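**Student:** All letters in the sequence shown, in the order written, are residues 20 to 430 by this note's numbering.
Ideal Cβ positions, reconstructed from N, Cα and C, are used throughout, including at glycine.
Values in this document were obtained by computation on a predicted structure and should not be read as measured data.
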Amino acid sequence: MAHNRPTVALVGTLDTKGAEYQWMADRLLELGTDVIVIDAGIRPPHGFVGAVEFDNQTVAAEGGASLDALIAANDRGAAVTRMGEGAAAITARLLATDRLDGVLALGGSGGSSIAARAVRELPVGLPKLLVSTMASGDVAPYVGATDVTLMYSVVDIAGINRISRSVLGNAAAAIAGMARAHLDRPHEEEGDRPLIGASMFGVTTPAVDAARERLDKLGYEVLVFHATGSGGRALEALTRSGMLAGVLDLTTTELADELVGGVLSAGPDRLTAAAASGVPQVVSLGALDMVNFGARDTVPERFADRDFFVHNETVTLMRTTAEENAELGRIVGGKLAGVAKTVLIVPRGGVSALDADGMPFFDAVADAALFDAVIAAATGIHIIESEANINDTALARRAADELHALIGATP
20 MAHNRPTVAL
30 VGTLDTKGAE
40 YQWMADRLLE
50 LGTDVIVIDA
60 GIRPPHGFVG
70 AVEFDNQTVA
80 AEGGASLDAL
90 IAANDRGAAV
100 TRMGEGAAAI
110 TARLLATDRL
120 DGVLALGGSG
130 GSSIAARAVR
140 ELPVGLPKLL
150 VSTMASGDVA
160 PYVGATDVTL
170 MYSVVDIAGI
180 NRISRSVLGN
190 AAAAIAGMAR
200 AHLDRPHEEE
210 GDRPLIGASM
220 FGVTTPAVDA
230 ARERLDKLGY
240 EVLVFHATGS
250 GGRALEALTR
260 SGMLAGVLDL
270 TTTELADELV
280 GGVLSAGPDR
290 LTAAAASGVP
300 QVVSLGALDM
310 VNFGARDTVP
320 ERFADRDFFV
330 HNETVTLMRT
340 TAEENAELGR
350 IVGGKLAGVA
360 KTVLIVPRGG
370 VSALDADGMP
380 FFDAVADAAL
390 FDAVIAAATG
400 IHIIESEANI
410 NDTALARRAA
420 DELHALIGAT
430 P
């Protein structure tokens, strides 16, 4: 449904922040922006006198709960979870019906958690602005793997005063401008090429660079994600969004951190989005020879007798063992087994620049354990074995060609 004014959804707890949301709604209307209010509080609104399109009973029901039951339970954590789920279902529906050009929320820890859930699965590029008391600390729980814009509230969101008026006024102007830009922006521009998501680490850079060059010549635009935990989560999220034509997942190192306890884990769902979404993927074992830690003195004492490579003052790499590699092979193979439109590349010459013959992490026994386990577990897919190192240019180009062929065979 075409519309000329941008529409912003206000997601918040009107029982505790009603006056502040009323002030924001009034500012947005003055700025030429339509407003849809989603009440995620569990008590009656206080201080909000405008129209509420989605009241708290509706939000609770969308989250799979009864509002009366949430009130009776008196469990704040459960209420935040259910109202966040409900708000997420509503924002998704607004997007699907072309009624959403941006989302704005105000809150402390609870309101920020609800807002974070409400926008987590919205596509990259849709404006998402959260004004929060939590924005000056660890913001990973609120940003996740999407493009949330955070603004620190400076003072608590408790009334309109000289400071909050300035901060919230800036927030209203920001989301209004972003929403207008989103409304006016074409979904696709002439010359846009199909998108490929690629995973890369410093020790697999030559491979990804060569594959990217080849894919560029084949007519694709390659988005590279640094395999630092957040990068892997972002790659998975973008894959689930449907924006990618294919995934070149040469660097699956985050799975080693997840298994062993390093600092760059992307979580247990890494390497699952392409399979779940039917997106063609070429996967390899890049940097599974290492687990990542911070400075050398931050490595847990239980690893004191392991083999380390100090990359710099803030990054210490630890070589995975044969036992860990065997388990990683089973994990990777299990995630890929029977998945359509999947190719696995096994580089027997080493899985990183440090794992080449003569380099600090070269370990033929550990590599063999990885390769044997992944081949045994990854049944029902096409497996390419090569005697080359993962950074071999010819192998990288072949990976690109294999992905191109998979994409070409996809209806």
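Take G427 as the anchor and find which of G238, G103, E404, R315 has the nearest alpha-carbon.
**Tutor:** The sequence position of residue 427 within the sequence shown is 408, counting from 1. Of the candidates G238, G103, E404, R315, the one whose C-alpha sits nearest the C-alpha of G427 is G238.
**Student:** Just how far apart, CA to CA, sit P213 and L141?
**Tutor:** To locate residue 213, count along the sequence shown from 1; it is residue 194. To locate residue 141, count along the sequence shown from 1; it is residue 122. Those two C-alpha atoms are separated by around 20 Å.
**Student:** Return helix, strand or coil for S151, following the three-state DSSP convention.
**Tutor:** Translated into positions along the sequence shown, residue 151 becomes position 132. Residue state, collapsed to three classes: strand.
**Student:** On a CA-only basis, which of A229, G297, A246, D203 is nearest E273? Give me that one, please.
**Tutor:** Locating residue 273 in the sequence shown gives position 254, where the first residue counts as 1. Of A229, G297, A246, D203, the residue nearest in Cα terms is A246.
**Student:** What separation, rounded to the nearest whole angstrom, lies between the Cα atoms of L267 and L278?
**Tutor:** Here residue 267 is taken as the residue at index 248 of the sequence shown, counted from 1. Here residue 278 is taken as the residue at index 259 of the sequence shown, counted from 1. Looking at the two C-alpha atoms, the distance is approximately 22 Å.
**Student:** Figure out for me which residue from M197, A80, L50, L47 has the closest Cα to the Cα of E104.
**Tutor:** Residue numbering aside, residue 104 sits at position 85 when the sequence shown is read from its first letter. Comparing Cα-Cα distances from E104 to each of M197, A80, L50, L47, the minimum goes to A80.
**Student:** With distance defined between alpha-carbon atoms, name the residue in A285, V302, N344 nearest to D308.
**Tutor:** By 1-based counting over the sequence shown, the position of residue 308 is 289. With distances taken between Cα atoms, D308 lies closest to N344.
**Student:** Tell me which residues share the same chain as G353 and place their Cβ nearer than 6 Å to its Cβ, disregarding the 5 neighbours each side in the sequence.
**Tutor:** The residue you call residue 353 lines up with position 334 of the sequence shown. Here the set comprises A396.
**Student:** I'd like to know whether the C-beta atoms of I194 and L114 end up nearer to each other than 8 Å.
**Tutor:** Walking along the sequence shown from the start, residue 194 turns up at place 175. Walking along the sequence shown from the start, residue 114 turns up at place 95. No, Cβ-Cβ distance for I194 and L114 is not below 8 Å.
**Student:** Do A106 and R139 have their beta-carbon atoms positioned less than 8 Å apart in this structure?
**Tutor:** Translated into the one-based positions of the sequence shown, residue 139 becomes position 120. Translated into the one-based positions of the sequence shown, residue 106 becomes position 87. No, these two residues do not count as a Cβ contact at 8 Å.
**Student:** Is the beta carbon of D87 less than 8 Å from the beta carbon of N75?
**Tutor:** Position 68 of the sequence shown holds residue 87. Position 56 of the sequence shown holds residue 75. Not closer than 8 Å, so no.
**Student:** At what residues does the alpha helix (DSSP H) containing S260 begin and finish?
**Tutor:** Walking along the sequence shown from the start, residue 260 turns up at place 241. First-last of the alpha helix (DSSP H) with S260: 249-260.
**Student:** Please list the segments of the alpha helix (DSSP H) lying wholly inside the region 315-389, counting only runs of 4 or more residues, in order along the chain.
**Tutor:** Whole alpha helix (DSSP H) segments, 4+ residues: 341-355.
**Student:** Indicate whether the contact test is met: 3 or more Cβ pairs, each with one atom in the region 219-238 and one in the region 142-157, closer than 8 Å.
**Tutor:** Short answer: they don't touch.
**Student:** Hey, is the region 250-263 in contact with the region 147-165, meaning 3+ C-beta pairs nearer than 8 Å?
**Tutor:** As far as the Cβ criterion goes, the region 250-263 touches the region 147-165, which means the pair count is three or higher.
**Student:** Between the Cα of I432 and the Cα atoms of L202, T271, S303, L234, which residue gives the shortest distance?
**Tutor:** The first residue shown for the chain is 20 and the last is 430, placing residue 432 beyond what the model contains.
**Student:** To the nearest angstrom, how far is it from the Cα of R118 to the Cα of S296?
**Tutor:** What you label residue 118 is simply residue 99 of the sequence shown in a count that begins at 1. What you label residue 296 is simply residue 277 of the sequence shown in a count that begins at 1. Their backbone Cα atoms lie some 25 Å apart in a straight line.
**Student:** Whole alpha helix (DSSP H) runs in the region 42-106 with 4 or more residues, listed along the chain?
**Tutor:** With a minimum length of 4 residues, the continuous alpha helix (DSSP H) runs that stay inside the region 42-106 are 75-81, 86-92.
**Student:** Roughly how many angstroms lie between the CA atoms of P366 and D382, to the nearest whole one?
**Tutor:** For the purposes of this step, residue 366 is taken as the residue at position 347 of the sequence shown. For the purposes of this step, residue 382 is taken as the residue at position 363 of the sequence shown. Roughly 13 Å separates the two Cα atoms.
**Student:** Apart from the five residues on each side of it in sequence, which residues of its chain come closer than 6 Å, Cβ to Cβ, to F67?
**Tutor:** On the sequence shown, residue 67 is found 48 positions in, with the first residue counted as 1. The answer, listed in chain order, is L33, G37, Y40, Q41.
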